[in-house]
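Q: Residue numbers (my numbering): 1 to 179.
We put the CB at the ideal spot given by N, CA and C, even for glycine.
Note that the structure is a prediction, hence the values are computed from the model and not measured.
1. Kindly provide the ranges of any beta strand (DSSP E) runs that are 3 or more residues long and lie completely inside the stretch 5-56, ordered along the chain.
2. According to DSSP, residue 125 sits in a beta bridge with which residue or residues?
3. What's the call for residue 119, buried or exposed, on a 16-neighbour Cβ count within 10 Å?
4. Going by DSSP, name the residue or residues bridged to residue 168.
5. Taking the alpha-carbon positions, what's the residue 22 to residue 11 distance?
6. Which stretch, first to last residue, makes up the beta strand (DSSP E) that contains residue 141?
7. Please name the residue or residues paired with residue 151 in a DSSP beta bridge.
8. Measure the Cβ-Cβ separation of residue 70 and residue 32 and say whether it is below 8 Å.
9. Confirm, please, whether the CB-CB distance from residue 41 to residue 89 is below 8 Å.
10. Could you tell me which of 94, 114, 24 and 144 sits nearest to residue 43, measuring between CA atoms?
11. What are the boundary residues of the alpha helix (DSSP H) that includes residue 208?
12. Please tell me whether residue 151 and residue 126 are closer than 8 Å, where the distance is taken between their beta carbons.
13. Given this structure, state the Cα-to-Cα distance separating residue 82 from residue 28, to the nearest angstrom.
14. Residues bridged to residue 109 by DSSP?
15. Using 8 Å as the threshold, is the C-beta distance between residue 168 and residue 154 below it?
16. Once DSSP output is grouped into helix, strand and coil, what is the label at residue 90?
17. Put residue 130 into one of helix, strand or coil per three-state DSSP.
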């Protein structure tokens, strides 16, 4: 999932990015930027974010999945010309409306920027990303002294994740951070 964009308003979770117009009735073809495409069945409004970052609320008239993309039909957007105005826009929902994950699971953007410290409380670095290797192996990309180190996101190493406190506590095996 793409990291939410923020400004002085409420944070958003971006769920789609319009790439082109479809048909003659003002429909948009959008890339899905959510792991939960079924969420569109319950969405009646979105926040459209222009490439310049300007936000505007829009009503979703209908949507449907087409292959690996979603088709969006916005209320009041009934022509090719009107739809073209939204090409390259991101579409988001307020962060408060994000899909809740099971306990112990986190969105990548929730982990990014967290301070990483040892179980002894020694600061190690900062999470700069999450990588997925060969299927389901997730790794935290941690910046340590200006260099990126990979830390397996497994319970035996990542002992605590405190999203509100923006902290990840790890118990790395000897040599892990030296690789």
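A: Let me spell this out:
1. Listed in chain order, the complete beta strand (DSSP E) runs (minimum 3 residues) inside the stretch 5-56 are 12-22, 27-32 and 45-49.
2. Beta bridge pairing from DSSP links residue 125 with 116.
3. Burial state of residue 119 is exposed, judged by a 10 Å Cβ sphere holding fewer than 16 other Cβ atoms.
4. The partner list for residue 168 (beta bridge, DSSP) reads 116 and 161.
5. Near 29 Å, if we compare the C-alpha coordinates of residue 11 and residue 22.
6. Following the DSSP letters along the chain, one finds residue 141 inside the beta strand (DSSP E) bounded by residues 137-144.
7. The partner list for residue 151 (beta bridge, DSSP) reads 140.
8. Using a Cβ distance threshold of 8 Å, residue 70 and residue 32 count as a contacting pair.
9. No. Outside cutoff.
10. Shortest Cα-Cα distance from residue 43 to any of 94, 114, 24 and 144 involves 94.
11. Shown here, the chain extends from 1 to 179; a query on residue 208 therefore has no answer.
12. By the CB criterion at 8 Å, residue 151 and residue 126 fall outside the cutoff.
13. Rounded to the nearest angstrom, the two C-alpha atoms are 10 Å apart.
14. DSSP lists no partner for residue 109.
15. Between residue 168 and residue 154, the C-beta spacing is not below 8 Å.
16. Looking at residue 90 - three-state DSSP - the assignment turns out to be strand.
17. For residue 130, the secondary structure class from DSSP, reduced to helix, strand or coil, is strand.
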